[in-house]
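A quick write-up on the structure given underneath.
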Amino acid sequence: MPTEATRGAVPAEGSIEACARLLPGLLRDPEQPRLVFQPIVDLDRAVVAGYEALARFAVSPPVAPDVWFAAAAAGGLAAELERRVVRRVLAARSHLPPNCFLTVNVSPQALTTDDVLDEFRHGGDLAGIFVELTEQQHVLDLAATHKALEELRQHGAMIAMDDAGSGYSGLQRLVALRPELMKIDRSLVSGIDSDEAKKACVEMLRVLAGRLDAWLLAEGVETPEELRTLVSLEVPLAQGFLLGHPVDDWRGLDARTTARIRVAARELLGSRQLVRLVERVAIRTPEAAEPPGSSDVVVCLDGDGRPASLLINSDAGRPRTVPVTLQLPATTPITEAARQCLDRPQPYRFDPVLCVHEDGTVAGIVHAERIFDFLTRR
Numbered sequence: 001m002p003t004e005a006t007r008g009a010v011p012a013e014g015s016i017e018a019c020a021r022l023l024p025g026l027l028r029d030p031e032q033p034r035l036v037f038q039p040i041v042d043l044d045r046a047v048v049a050g051y052e053a054l055a056r057f058a059v060s061p062p063v064a065p066d067v068w069f070a071a072a073a074a075g076g077l078a079a080e081l082e083r084r085v086v087r088r089v090l091a092a093r094s095h096l097p098p099n100c101f102l103t104v105n106v107s108p109q110a111l112t113t114d115d116v117l118d119e120f121r122h123g124g125d126l127a128g129i130f131v132e133l134t135e136q137q138h139v140l141d142l143a144a145t146h147k148a149l150e151e152l153r154q155h156g157a158m159i160a161m162d163d164a165g166s167g168y169s170g171l172q173r174l175v176a177l178r179p180e181l182m183k184i185d186r187s188l189v190s191g192i193d194s195d196e197a198k199k200a201c202v203e204m205l206r207v208l209a210g211r212l213d214a215w216l217l218a219e220g221v222e223t224p225e226e227l228r229t230l231v232s233l234e235v236p237l238a239q240g241f242l243l244g245h246p247v248d249d250w251r252g253l254d255a256r257t258t259a260r261i262r263v264a265a266r267e268l269l270g271s272r273q274l275v276r277l278v279e280r281v282a283i284r285t286p287e288a289a290e291p292p293g294s295s296d297v298v299v300c301l302d303g304d305g306r307p308a309s310l311l312i313n314s315d316a317g318r319p320r321t322v323p324v325t326l327q328l329p330a331t332t333p334i335t336e337a338a339r340q341c342l343d344r345p346q347p348y349r350f351d352p353v354l355c356v357h358e359d360g361t362v363a364g365i366v367h368a369e370r371i372f373d374f375l376t377r378r
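Pasting the structure below:
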């Protein structure tokens, strides 16, 4: 809580100059700054996968953390402030829920100082800790930063980088430093549900993350529409006010948010399955003299009512009858259907795929060309 000494000491706009004057006194208080933790959510499993530790100063009126860190840099106190935050975060590990990781923000400049590095060196096994390089300051000495990161990795830590996609320099840093976690810049997440260009950028970052063998995390998720879009784009991790505010305990997901993620995940699962590409077809029974309708493909049943062959109509000539060389449940993943198409003998490789419901009844057919077209356009 703000003390009488700090109450009203900072102007409402929170100027860097005012914070720089107040900061030395605040740092004499061993309880400053305090930590809060914002959940990071696994969008595939709808569970909390980790937390980001964030520093907060007890002053009134509240001042944005970025202003405090800028004031520390201006007053020569950046290393001391970040050292204190790192020490607090490492101490908090003992209370971390099982199977969760913890991220801590460190500026590139502070990371290369002995003050901050010594905290990590004396922190024991750093497994489960992500050291997140902040974008507030540019990497001035890439070689020194790379050396510090490799030392942290040797102690078990992993590296995260924020603001991925925020500019060419950010992409250069990603390629040079090879983080294990890439955080998508908030500017790309905001309104992504209605912006095709932002969707394309996130898809590009997902491909880059795969090439770098890194996880991708979307930060600043604030609306259900943004969340649903990120799930559809197969972004694995997310955080933001919609999923959980920074608080002073290890907060999990509420039931409403869990349900919202699971609904989006079910929609995504359906979009990956063969049923998405199914076309309804005419069905010919043995008793029928002619196939009904003008369908391009007719499924011909045998005497037991099972699919026996396909009658394929063509503008180029007479209809041709081919055997059913591939029958799959409509819930088959499209990627698996493509693999099985290519496993067929060459003459039948691009014949239609017969899809069936769980009870074995005909759902329809999928043209092989549509399967490969879908995969190449993803």
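Each residue of the sequence shown is one higher than the one before, starting from 1 at the first, in full-length UniProt numbering.
Glycine is no exception: its CB is placed at the ideal position from the N, C-alpha and C atoms.
No experiment lies behind these values; they were computed from the predicted model shown.
Following the continuous alpha helix (DSSP H) through residue i, name the residue where it begins and the one where it ends.
i: C19; result: I16 to L27
i: residue 417; result: Any question about residue 417 goes unanswered here, given that the chain covers just 1 to 378.
i: E180; result: Here E180 belongs to no alpha helix (DSSP H), and DSSP marks it neither H nor E.
i: A363; result: Segment V362 to V366 is the beta strand (DSSP E) holding A363; no alpha helix (DSSP H) there.
i: Q273; result: It is not in any alpha helix (DSSP H) - Q273 carries neither H nor E in the DSSP assignment.
i: A282; result: That residue, A282, is in no alpha helix (DSSP H); its beta strand (DSSP E) goes A282 to R284.
i: L227; result: P224 to S232
i: V247; result: Taken as a continuous stretch (DSSP letters only), V247 belongs to no alpha helix (DSSP H), as it is neither H nor E.
i: L81; result: A78 to A92
Using a Cβ-Cβ cut-off of 7 Å (strictly less than) and excluding sequence neighbours within five positions of residue i, which residues of its own chain qualify?
i: P2; result: Low confidence applies to P2: its pLDDT is 47, below 50, so where it sits in the model is not reliable enough to give any reading.
i: G240; result: E219, G220, V221 and E222
i: R260; result: P224 and L227
i: A79; result: A110, T113, D115 and V116
i: A53; result: L35, F37, V89, A92, L102, T103 and V104
i: R370; result: L277
By the DSSP assignment, the beta strand (DSSP E) with residue i in it spans what residues?
i: V207; result: Where V207 is concerned, there is no enclosing beta strand (DSSP E), although the alpha helix (DSSP H) it sits in stretches over E196 to L212.
i: V41; result: R34 to D42
i: L102; result: F101 to V106
i: L54; result: V47 to R56
i: L328; result: Q327 to P329
i: L354; result: V353 to V356
i: L301; result: V297 to L301
On the premise that residue j lies in contact with residue i, defined as a C-beta separation below 8 Å, what is that separation, rounded to the nearest angstrom?
i: residue 381; j: P97; result: Outside the modelled stretch of the chain, which goes from 1 to 378, sits residue 381, for which no answer is possible.
i: V106; j: L133; result: 7 Å
i: A157; j: F101; result: About 10 Å separates the two Cβ atoms, so there is no contact after all.
i: G244; j: Q38; result: 6 Å
i: A20; j: A91; result: That pair is no contact at about 27 Å.
i: L268; j: S232; result: 6 Å
i: A70; j: I16; result: 5 Å
i: L328; j: A337; result: 6 Å
i: L274; j: I334; result: 6 Å
i: residue 390; j: D42; result: The requested residue 390 does not occur in the structure, where the chain is confined to residues 1 to 378.
Is residue i helix, strand or coil when you go by DSSP?
i: M1; result: A caution first: M1 carries a pLDDT of 45, below 50, which makes its placement in the model too unreliable to give a value.
i: A12; result: The predicted model places A12 with a pLDDT of 46, which falls under 50 and marks its position as unreliable; any figure quoted below should be read in that light. The answer is coil: DSSP assigns A12 none of H, G, I, E or B.
i: residue 381; result: Nothing about residue 381 can be reported from this structure: the residues present for the chain run from 1 to 378 only.
i: V59; result: coil
i: Q239; result: coil
i: T6; result: Because the pLDDT of T6 is 47, which lies under 50, any placement of that residue in the model is unreliable, and the number read from its coordinates should be weighed accordingly. The answer is coil: DSSP assigns T6 none of H, G, I, E or B.
i: D162; result: strand
i: A308; result: strand
i: R344; result: coil
i: T376; result: helix
i: V189; result: helix
i: R320; result: strand
i: L149; result: helix
i: E287; result: coil
i: E267; result: helix
i: E31; result: coil
Could you pull out every residue in the same chain whose Cβ sits closer than 6 Å to the Cβ of residue i, ignoring the five residues on either side in sequence?
i: residue 416; result: Examination of residue 416 is not possible in this model, given that the chain is present from 1 through 378 alone.
i: V281; result: S295, V297, V299, G364 and I365
i: R34; result: R56
i: L81; result: A72
i: P286; result: G303
Counting only the same chain and skipping the five closest in sequence on each side, list residues whose C-beta sits under 8 Å from that of residue i.
i: M182; result: A160, M161, A164, L174, L205, L208, A209, L212, A214, W215, L216 and L217
i: V278; result: A330, C355, A363, G364, I365 and V366
i: E4; result: Caution is warranted here: a pLDDT of 40 is assigned to E4, below 50, making its placement in the model unreliable, and the coordinate value is therefore given only provisionally. So no residue of the chain qualifies.
i: A144; result: T112
i: R349; result: C341, L342 and A368
i: H95; result: W250
**OP:** Go through the region 112-139 residue by residue and report every complete run of the alpha helix (DSSP H) that reaches 4 residues or more, in order.
**Re:** 114-121
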